[in-house]
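Engineer:
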Amino acid sequence: GDVTVNNVTVDGSGDWSANNEDLSSLDDGNVTIDVIVTDAAGNTNNTSTTTIKDTVAPAAPIIDTVPAINIENENAFNVTGTAEPYSSIDITFTDINGGDVTVNNIT
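Numbering follows UniProt numbering, with no gaps: position 98 of the sequence shown is 98.
(1) Determine the contact status of serine 48 and aspartate 28, defining contact as a CB-CB distance below 7 Å.
(2) Quick one: complete beta strand (DSSP E) runs, 3+ long, within the region 14-100?
(3) Return yes when the Cβ of threonine 50 is within less than 7 Å of the Cβ of threonine 44, no when it is not.
(4) Shortest alpha-carbon distance to leucine 23 belongs to which of Gly14, Asn6 and Lys53?
(5) Determine the closest residue to asparagine 20 out of Gly12, Val5, Gly14 and Asp11, with distance taken between C-alpha atoms.
Below, the structure written as structure tokens:
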């Protein structure tokens, strides 16, 4: 699908912006942004860039087999698994009394 924004104003410093555009009709995946400039004489030029639209939550991460926590590994415990490529993982370990340790932004 396409979303077209017309008549974006360029200010005296040459800056412009298209704000609050509704892109919900575009499919997830690569999105190309084409920008065309037209001067007062009617001359045009253009450029483009690409971004990614990703509105779907990742699949649940998979946790590999976890060993028991014991005196030998409690200070250096390892947990591994798989998740969506280039995502980040937050892990919270909670004991029987509700005490917890959280590890954030594991990549």
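Virtual Cβ for every residue (Gly too), placed ideally from N, Cα, C.
As the structure is a computational prediction, the values presented were derived from the model and not from experiment.
Structural biologist: On the basis of the coordinates in this document:
(1) Stepping through the sequence shown from its first residue, residue 48 is reached at position 48. Stepping through the sequence shown from its first residue, residue 28 is reached at position 28. No. Outside cutoff.
(2) 29-38, 44-53 and 89-94
(3) On the sequence shown, residue 44 is found 44 positions in, with the first residue counted as 1. On the sequence shown, residue 50 is found 50 positions in, with the first residue counted as 1. Not in contact: threonine 44 and threonine 50 (Cβ atoms no closer than 7 Å).
(4) Position 23 of the sequence shown, counted from the first residue, corresponds to residue 23. Among Gly14, Asn6 and Lys53, the Cα nearest to that of leucine 23 belongs to Lys53.
(5) Along the sequence shown, one-based indexing puts residue 20 at 20. Comparing Cα-Cα distances from asparagine 20 to each of Gly12, Val5, Gly14 and Asp11, the minimum goes to Val5.
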